[in-house]
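Undergrad: Quick note: to get this note's numbering, add 134 to the position in the sequence shown (first position is 1).
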Amino acid sequence: MLRALQGLAAAMILASGSAALAQLYDGAQRTRAFSILGTVFGVGLAFGPLLIGFMTDAVGWRGVYALFALLSAGVLLIGLAYLPAAEKSEPRTPDNLGLLLFTLALMLFTASLMVIPARGFLSLTTLALLIASGGLFVAFVVRCRRVNNPVLDISLLRHPRFVGVLLLPVATCCCYVVLLIIVPLHFMGGEGMSEPQSALYLMALTTPMLVFPSVAALLTRWFSPGHVSTAGLMMASVGLLLLGNALHSHHLPQLVLALILCGAGAAFPWGLMDGLAISAVPMAKAGMAAGLFNTVRVAGEGIALAVVSAVLTASNNLTLQSRVHGYAPEVIDRAAGWLGAGNMPQAAALLPDFSLRALRESYDSAYTLLFSGLAVVTLVCALMVWRTLCRKAGAIQTRDSGS
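1) Given 8 Å as the limit, is there contact between the stretch 236 to 245 and the stretch 268 to 286, that is, 3 or more CB pairs closer than that?
2) For A105, which residues in the same chain have their Cβ closer than 6 Å to its Cβ, ignoring the five residues on either side in sequence?
3) Is there contact between the stretch 421 to 429 and the stretch 437 to 454, where contact requires at least three CB pairs shorter than 8 Å?
4) Taking its Cβ as the centre, do 16 or more other Cβ atoms sit within 10 Å of M407, making it buried, or is it exposed?
5) Using a Cβ-Cβ cutoff of less than 7 Å, which residues in the same chain neighbour V275 once the five nearest sequence positions on both sides are dropped?
6) Is there contact between the stretch 431 to 440 and the stretch 483 to 496, where contact requires at least three CB pairs shorter than 8 Å?
7) Go ahead and pull the three-state DSSP assignment for L210.
8) CB A411 to CB F243, shorter than 8 Å?
9) Quick one: grab the DSSP three-state call for I530.
10) Could you spell out where the alpha helix (DSSP H) holding M322 opens and where it closes?
11) So is G141 buried or exposed if we call it buried at 16+ other beta carbons inside 10 Å?
12) Is N477 helix, strand or coil when you go by DSSP?
13) So what's F243 in DSSP terms, helix, strand or just coil?
14) Suppose you measure from the CA of R253 to the CA of A483; what does that come to, to the nearest Å?
15) Whole angstroms is fine: what's the gap from A492's alpha carbon to V349's?
16) Within 10 angstroms of its Cβ, does Y199 collect 16 or more other Cβ (buried), or is it exposed?
17) Going by DSSP, what residue range makes up the alpha helix (DSSP H) through G405?
18) Apart from the five residues on each side of it in sequence, which residues of its chain come closer than 6 Å, Cβ to Cβ, to A338?
19) On a Cα-Cα basis, can you pick out the residue from S506, P359 and L376 that is closest to F168?
20) Can you tell me the Cα-Cα spacing of V519 and L508, whole angstroms?
21) Among Y497, V312 and A462, which has the Cα closest to the Cα of S383?
22) Given this structure, state the Cα-to-Cα distance separating L353 from T173, to the nearest angstrom.
23) Does DSSP classify M518 as helix, strand or coil?
24) What residue range is occupied by the uninterrupted alpha helix (DSSP H) comprising S267?
25) So, for A380: in the same chain, excluding its five sequence neighbours on each side, which residues have a beta-carbon less than 6 Å away from its beta-carbon?
26) Run the CB neighbour count on S267, radius 10 Å, all protein chains shown included, and call it buried at 16 or more, exposed below.
27) Find the nearest neighbour of A470 within the set L136, W356 and Q455, judged by alpha-carbon distance.
28) Whole-angstrom Cβ separation of V312 and V442, contact assumed at under 8 Å?
29) Going by alpha carbons, who is nearest to M189 out of A462, L211, E329 and A207?
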């Protein structure tokens, strides 16, 4: 329950913060403001894992949450002191039914992805969850079209540029956010690194976020934001392919290069996409655009992590089922689950007669397959972004770089 409240608060901050920033600045100043926002994100992503790793070893996880509480209180005080007061508007009754439909649909869809590795795609449980989530999504869309104050303004999807911008958080999730979770799991579970060691290697991925959002904003003086974002996503696609090969071959220089390419490539659209989302729709709908954009971002991250976990588990399951003999299928399923979660020692304990080398081959092959798939998704998103944003780059640039 407390984690749910924390997530709710974070979602409120993401949506309202982007909308407030868009209303405070316009034109080129807005582009610079959002690039600074992306750089601030980069500071947290670059040094957060390292700091938390050392803090966890030194004072335990309770100290980490105490730090979060202090930082949140400080941000609250700064906001109260410096943010301009919101203009008074007519109170609106929230669409609680629509919110419930969307939440349940997302929960059931995520649950269906999680059970696929263990039960299969065509199992009764999986199909029931998928059908139920699909029905709830349809009911949610119908609800949004009929009420005066919908949870999400579906009509925004009629703007092709806005649809293209919505692909940016999907792509950065595949080439960056997912890596923040699964790469440390690989380092600690597969390589036996400590949390601080894993965080140090992860800085090759996160440090580019300190610099490249500002570089992307600078490049928009000569190129459209769509072209800059597309180039970054293509760079990240190359990094993902190199990353899969580096983890399989245990080639450290290539691993570091791949992480840098992924981080730098994702950083290009990272500092631009919030501003693009708001500039792609009429200013009167900026708040709703920010809400829909951040909904896609956060929901996409949750779904992507579920898909990644399912792919890793399913890949290991297929490999182990074909190579391991003399164990019950349930035991093999559990071992594949541990490998999918990045815990090789637990998998080895369940299969003591199976060689560690063969387990490692299954483990590395699953990651190679995963990163190849993520590279394809990122590349497809890059092409769609180019199609929807770059062909109308002039309109976007005129709107973003005016004043």
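Ideal Cβ placement from N, Cα and C applies to all residues, glycine included. Every value quoted in this text rests on a predicted model; they were computed, and no experiment measured them.
TA: This is what the structure gives:
1) yes
2) Residue coverage of the chain in this structure runs from 135 to 537, which leaves residue 105 outside it and unanswerable.
3) no
4) The residue you call residue 407 lines up with position 273 of the sequence shown. Classification of M407: buried, given that the 10 Å Cβ count is 16 or more.
5) Taking the sequence shown and counting its residues from 1, the one referred to as residue 275 is at position 141. Closer than 7 Å at Cβ, skipping near neighbours: I288.
6) no
7) The residue labelled residue 210 in the question sits at position 76 within the sequence shown. Helix.
8) Along the sequence shown, read from residue 1 onward, the residue named residue 411 stands at position 277. Along the sequence shown, read from residue 1 onward, the residue named residue 243 stands at position 109. Going by C-beta atoms, A411 is not nearer than 8 Å to F243.
9) Within the sequence shown, the letter at position 396 stands for residue 530. Bear in mind that the predicted position of I530 carries a pLDDT of just 42, short of 50, making it too unreliable to give a figure here.
10) Position 188 of the sequence shown, counted from the first residue, corresponds to residue 322. Note, M322: premise wrong, no alpha helix (DSSP H); not H, not E.
11) The residue labelled residue 141 in the question sits at position 7 within the sequence shown. Result: exposed.
12) As a working note, residue 477 is residue 343 in the sequence shown. In this structure, N477 counts as coil in the three-state DSSP scheme.
13) Walking along the sequence shown from the start, residue 243 turns up at place 109. Residue state, collapsed to three classes: helix.
14) Residue numbering aside, residue 253 sits at position 119 when the sequence shown is read from its first letter. Residue numbering aside, residue 483 sits at position 349 when the sequence shown is read from its first letter. Straight-line Cα distance between these residues: approximately 23 Å.
15) Here residue 492 refers to the residue found at position 358 of the sequence shown. Here residue 349 refers to the residue found at position 215 of the sequence shown. Taking the straight line joining both Cα atoms gives about 44 Å.
16) Position 65 of the sequence shown holds residue 199. Exposed, because fewer than 16 other Cβ atoms sit within 10 Å of the Cβ of Y199.
17) Counting from one through the sequence shown, the residue named residue 405 turns up at place 271. Element bounds for G405: n/a, residue is neither H nor E.
18) Position 204 of the sequence shown holds residue 338. Around A338: V390, L393 and I394.
19) By 1-based counting over the sequence shown, the position of residue 168 is 34. Comparing Cα-Cα distances from F168 to each of S506, P359 and L376, the minimum goes to P359.
20) Working through the sequence shown from its first residue, we reach residue 519 at position 385. Working through the sequence shown from its first residue, we reach residue 508 at position 374. Using only the alpha carbons, I get a separation of about 16 Å.
21) Start at 1 with the first residue of the sequence shown, and residue 383 comes out as number 249. Of the candidates Y497, V312 and A462, the one whose C-alpha sits nearest the C-alpha of S383 is Y497.
22) For the purposes of this step, residue 353 is identified with residue 219 of the sequence shown, where counting begins at 1. For the purposes of this step, residue 173 is identified with residue 39 of the sequence shown, where counting begins at 1. So the alpha carbons of these two residues sit roughly 15 Å apart.
23) Working through the sequence shown from its first residue, we reach residue 518 at position 384. M518 falls in the helix class under three-state DSSP.
24) Numbered from its first residue, the sequence shown carries residue 267 at position 133. S267 -> alpha helix (DSSP H) spans L258 to R280.
25) Sequence index remark: in the sequence shown, residue 380 carries index 246 (1-based). Taken in chain order, the residues that qualify are Q388, L389 and A392.
26) Along the sequence shown, read from residue 1 onward, the residue named residue 267 stands at position 133. Counting Cβ neighbours within 10 Å, S267 comes out buried, since at least 16 surround it.
27) The residue you call residue 470 lines up with position 336 of the sequence shown. Among L136, W356 and Q455, the Cα nearest to that of A470 belongs to Q455.
28) As a position in the sequence shown, residue 312 is number 178, starting the count at 1. As a position in the sequence shown, residue 442 is number 308, starting the count at 1. Yes, V312 and V442 are in contact; Cβ-Cβ is about 5 Å, under 8 Å.
29) By 1-based counting over the sequence shown, the position of residue 189 is 55. It is E329.
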